[in-house]
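Below: the structure, in structure tokens.
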Amino acid sequence: CRRIGSACSLATQTANLVFVAPRNAMPQNQASNDSSRVINQSSSISDGYGSHSPSDLMSVAASTPGTEHSDVECDFTDIEKERLKLMNHYALHTSKSITDVIIPQDQNQSFWGEWVTELAFKHNFLLHGLLGLSALHLALRGVSAQRHTVMAIRHHDLGVAMFRPHLSNITPENHDAVFAFSCIVVLYTFGIQRPFEPTEDPIDRLHQVFSLIRGSSFLVKADHETMARSRWSVLMLPHPFPPTVLSSELEDVLGKLLSRAAMMPKAARMGIYEPTIQTLRHSLAMAVMYRRTKMTFSYFAVMSPPEFWSMVRTGEPLALVILANYAVTLHWLRRNIWMAYWGKGIVEAVHQKLPLGWRECIAWAVQETDSHSEPDEIEVYSASTSNSLPEKDHIIASSTL
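Offset between the sequence shown (1-based) and this note's numbering: plus 697.
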């Protein structure tokens, strides 16, 4: 600007360098190299006439953050590396495994891969939940299974301990994180409770999973309107569920169950079995209509009468055959790592426990779990005149229904 006689627009601007005294001395050779680098890089933003001496610029280099840290201070600890690896695996793989089982296809992976991750960095209990689920995902895939199972349990336990205080103090700020954590816990429980040995009873383990689902159902029931207005509305199901007519094969299965229920004492029939069979009808219809979306697999656990599960545990034949037919919906999800083996395992366990005279009631379930059929091969029709589902009064078929 001076050479061509022009006014310099930068002459009155604040300098971009702040010169401070060095806090401690630097090795001579490092100081020399750093000062040369700073001089070269800073010449374009100085006044252009070398008004600052090399010793001044050396002061800047000496006080630059990070130059005083030792190698030990800059290294990542093993725990930090472990958690970074788990978070990376969650972002790349675990989040997709969640998306595949409970989120509509048009929501893609950004829901669990991005939004829930952002929530986790604001709530430590959810962050531990994601890390625990990621570790368990690796274990179920056979990657250092024992080590990752231990890591999964450790993070899960930490997350649960941090989570408990929030249950009695749910606010607009933590509501989404609390719901996300409850979903994570359900999938974690399906994974950690998966029976690996032939001696392990899958019915007993499934009862533990469903007890957890039922126990966490208070959130949506207590604040349904908030859920309906939140991003979790993608999990909403019609309520009351519209009357449906299933395929003739499924109607025959349900008819057999109702015939058996008619032989039971009136109190058990009216209070337990008929409502549970109706819930089974809705669960089958939902599994067909919303394939691998909306966490429909939890609807049966939440909506069945509590007494039904007591009868399952005591081995009541009708309760067991209802459970086996429900388990087919888990079998339809078998390609998802969290649902793998559950459906077939339940049906086989029930088959072994049932008296011979009851086995005809699970013939369809046995056939389905022995075949490779998918739910979209089964027809379901709405009995209402409208093909659209109700827009109001929804429920969420999820872990916290």
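Each residue gets a CB set at the ideal place from its N, CA and C atoms; glycine is no exception.
- Item | Whole runs of the alpha helix (DSSP H) within the stretch 778-845, excluding any shorter than 4 residues | 792-799, 813-817, 821-837
- Message: Under 8 angstroms, with one C-beta from each stretch per pair, do the stretch 845-861 and the stretch 810-824 reach the 3-pair mark?
- Response: yes
- Item | Segment limits, beta strand (DSSP E) that includes L943 | 941-943
- Item | Cβ-Cβ distance between W1055 and V1009 below 9 angstroms | no
- Taking 9 angstroms as the cut-off, decide whether the C-beta atoms of L947 and I974 are in contact. no
- Using a Cβ-Cβ cut-off of 6 angstroms (strictly less than) and excluding sequence neighbours within five positions of N871, which residues of its own chain qualify? H863
- Item | Pairwise C-alpha distance: K1041 and V1025 | 7 angstroms
- So H786 packs on S831, CB below 8 angstroms; how close in whole Å? 5 angstroms
- Query: How do the stretch 959-974 and the stretch 995-1010 stand: do at least 3 beta-carbon pairs fall below 8 angstroms, yes or no?
  - Reply: yes
- Task: Determine the extent of the alpha helix (DSSP H) in which N1022 is found, giving its start and end residues.
- Result: 1014-1028
- Message: Classify A643: buried if its beta carbon has 16 or more other beta carbons within 10 angstroms, exposed otherwise.
- Response: With the chain covering 698 to 1098 only, the question about residue 643 has no answer from this structure.
- Message: Quick check on the burial criterion: 16 or more other C-beta atoms within 10 angstroms. Buried or exposed for L781?
- Response: exposed
- Would you please state the rounded distance, in angstroms, between the beta carbons of L1051 and I1059? I believe it to be under 8 angstroms. 7 angstroms
- Query: Alpha carbon to alpha carbon, how far is V1063 from V1044?
  - Reply: 7 angstroms
- Query: DSSP state of T993, grouped into three classes?
  - Reply: helix
- Is C705 buried or exposed, if buried means 16 or more other CB atoms sit within 10 Å of its CB? exposed
- Would you report the Cα separation of V1034 and L835, rounded to the nearest angstrom? Just to set this straight, residue 1034 is Ile in the shown sequence, not Val. Answer to the nearest angstrom: the Cα atoms are 10 angstroms apart.
- Message: Please identify the residue among I910, S995, L1015, D949 whose C-alpha is closest to the C-alpha of P962.
- Response: L1015
- Should I776 go down as buried or exposed, given a rule of 16 or more other Cβ atoms within 10 Å for buried? exposed
- Apart from the five residues on each side of it in sequence, which residues of its chain come closer than 6 angstroms, Cβ to Cβ, to H845? A832, L835, A836
- Message: Looking at V798: is its Cβ nearer than 9 angstroms to the Cβ of F994?
- Response: yes
- Task: Drop a sphere of 10 angstroms on the beta-carbon of N1022, count the other beta-carbons inside from all chains shown, and report buried for 16 or more, exposed for fewer.
- Result: buried
- Query: Whose C-alpha, out of P899, T868, I850, is nearest the C-alpha of V882?
  - Reply: I850
- Message: Taking the straight line between their C-alpha atoms, what separation do you get for F808 and Y987?
- Response: 18 angstroms
- Message: Can you check whether the C-beta of Y996 is within less than 9 angstroms of a C-beta belonging to chain D?
- Response: No chain D appears in this structure, which consists of one protein chain only.
- Item | D898 versus Q890: straight-line alpha-carbon distance, rounded | 10 angstroms
- Determine the burial state of D873: buried for a count of at least 16 other Cβ atoms within 10 Å of its Cβ, exposed for fewer. buried
- Query: In this structure, does DSSP put E1065 in helix, strand or coil?
  - Reply: helix
- Over the uninterrupted alpha helix (DSSP H) stretch that includes R978, give me the two end residues. 971-986
- Item | Contacts around M983, its chain only, beta-carbon distance under 7 angstroms, and the 5 residues preceding and following it disregarded | L934, T993, Y996, A1094
- Message: Under DSSP, the alpha helix (DSSP H) around W1006 begins and ends at which residues?
- Response: 1003-1010
- Message: Quick check on this structure: which residue in L981, I795, E811, G826 has the alpha carbon closest to the alpha carbon of V942?
- Response: L981
- Message: If you reduce the DSSP assignment to three classes, tell me which class W1039 lands in.
- Response: helix
- Query: Distance, Cα to Cα, L824 vs R966?
  - Reply: 45 angstroms
- Does any heavy atom of the ligand PLP sit closer than 8 angstroms to the C-beta of I900? The ligand PLP is absent from the structure shown, which contains no ligands of any kind.
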